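Numbering follows UniProt numbering, with no gaps: position 75 of the sequence shown is 75. The C-beta atom is built at its ideal place from N, Cα and C for all residues, glycine as well. In this text the structure is predicted, and so the values were computed from the model without any measurement. What follows is a single structure, written as structure tokens, with notes after it.
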Amino acid sequence: MSFVRTKTAESDHLVSCDGARTTKWQTPQTGNSVLEIQTYPDSSAITKSQREQLVPPYHWHWYQEEHFTVTQGTFVFTLNGKDTKISATDPNPRINITPGAPHTFAPDPSYKGPCVIEISAETSPLSSETTSTDLGVSERFFRNLYSYLEDCSRQNTSPSLPQLLLFLDSAEVSLAWDVGPRWLMQYVTYGLGVVIGRWIGGGLLGYKGSYLEYYNPELNETKKGK
1 MSFVRTKTAE SDHLVSCDGA RTTKWQTPQT GNSVLEIQTY PDSSAITKSQ
51 REQLVPPYHW HWYQEEHFTV TQGTFVFTLN GKDTKISATD PNPRINITPG
101 APHTFAPDPS YKGPCVIEIS AETSPLSSET TSTDLGVSER FFRNLYSYLE
151 DCSRQNTSPS LPQLLLFLDS AEVSLAWDVG PRWLMQYVTY GLGVVIGRWI
201 GGGLLGYKGS YLEYYNPELN ETKKGK
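This is the structure:
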């Protein structure tokens, strides 16, 4: 049976893992490529298998600076190999991730109750210069990745590594490893995305970095000045 992609581009939100997370997209500020609100109704109730799907892989952005603001509950951020808890009640419930910094995040599993986080990212310099109809590189990436993983879960299919790496590569993102010098690992993980994602996934296997079912520029694009 062939893989079926659910049409999610028409919606401004996406429900993942039987309601463990709801992601909603709003119009970002000028200069940003995404404004995403993630809501986890009860962090402590998320199962291990759900967390494996929901937690982003440890990664780094080539050009974009990313901003996280915790508006409810508590989240755990892994940045440069160190874990930090940030709560909505902290004096500064915000963290900024600079380009090249390896990171991931997750709702605090020990927190009983809803956790909400606001994610924004600056428009990529490369995308803003070379693309006239699709400046929402971050929103495009999130919509494709979340929709794809949810479809894999529904159809009891393991996600394809070349497809996942192609999504990352298309969004100017690479996996991150805390092994050896960072500059060396950046070259290695960037090359991994190019070879396995771009060349094998996109070139040989026919995968795409974005699908109209998941992201439709006519419906979802982010334009400067709006």
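Cβ contact check for the region 60-75 and the region 113-126: 3 or more pairs under 8 Å: Three or more beta-carbon pairs drawn from the region 60-75 and the region 113-126 are found closer than 8 Å, and the two stretches are therefore classed as touching.
Whether Gln163 touches Pro114 by CB criterion (7 Å): Not in contact: Gln163 and Pro114 (Cβ atoms no closer than 7 Å).
Three CB pairs or more closer than 8 Å across the region 201-217 and the region 144-159: With three or more CB-CB distances shorter than 8 Å, the region 201-217 counts as touching the region 144-159.
Integer-rounded CB distance, given that Thr104 should sit under 8 Å from Thr74: Between Thr74 and Thr104, the beta carbon gap of about 16 Å keeps them out of contact (Cβ cut-off 8 Å).
7 Å Cβ cutoff met for Tyr215 and Arg154: No. Outside cutoff.
Three-state secondary structure (DSSP) of Ser210: The answer is coil: DSSP assigns Ser210 none of H, G, I, E or B.
Opposing strand residues paired with Ser87 [DSSP bridges]: Within the DSSP secondary-structure output, Ser87 pairs in a beta bridge with Thr74.
Anticipated Cβ contact below 8 Å, Pro57 with Leu166, distance rounded: In fact, because the Cβ distance is near 14 Å, the residues do not count as touching under 8 Å.
Residues near Cys83 in its chain [Cβ-Cβ closer than 6 Å; skip 5 each side]: Note that residue 83 is Asp in the sequence shown, not Cys. Excluding residues within five positions, the ones whose Cβ falls inside 6 Å are Val76.
Distance CB(Arg143)-CB(Asp169) smaller than 7 Å: It is not a contact, given that the beta carbons lie outside the stated cut-off.
Beta-carbon gap between Tyr54 and Arg21 smaller than 7 Å: A small correction: the amino acid at residue 54 is Leu; Tyr does not occupy that position in the sequence shown. Contact: yes.
Best match in Trp60, Gly81, Ile86 and Ser43 for proximity to Lys112 [C-alpha to C-alpha]: That would be Ser43, whose Cα lies nearest to the Cα of Lys112.
Arg21 - containing beta strand (DSSP E), residue span: Where Arg21 is concerned, the enclosing beta strand (DSSP E) stretches over Arg21 to Trp25.
Beta-carbon proximity list for Asp178, same chain, < 6 Å, skipping 5 on both sides: Same-chain partners within the cutoff: Gly81.
Backbone secondary structure at Lys48 - three-state DSSP: Helix, per DSSP.
Alpha carbon of Lys48 to alpha carbon of Pro109, nearest angstrom: In this structure, the alpha-carbon of Lys48 lies about 10 Å from that of Pro109.
Neighbourhood of Leu35 by C-beta, 6 Å cutoff - its chain only, sequence neighbours within 5 removed: These residues qualify, in order along the chain: Gln26, Pro28 and Ser120.
Inter-residue Cα distance where the pair is Gly180 and Leu192: Taken atom to atom, the span from the alpha-carbon of Gly180 to that of Leu192 is near 16 Å.
For Arg94, the three-state DSSP class (helix, strand or coil): The answer is strand: DSSP assigns Arg94 an E or B state.
Beta-bridge partners of Ala121, as assigned by DSSP: Paired residue(s): Val34 and Glu66.
7 Å Cβ cutoff met for Leu14 and Thr8: By the CB criterion at 7 Å, Leu14 and Thr8 fall inside the cutoff.
CB contact flag (Val116, Thr39, <7 Å): In terms of Cβ geometry, Val116 and Thr39 form a close pair [threshold 7 Å].
Buried or exposed by the 16-neighbour rule on C-beta atoms within 10 Å, applied to Thr157: With fewer than 16 other Cβ atoms within 10 Å, it is exposed.
Alpha carbon of residue 234 to alpha carbon of Val4, nearest angstrom: There is no way to answer for residue 234, as the model of the chain reaches only from 1 to 226.
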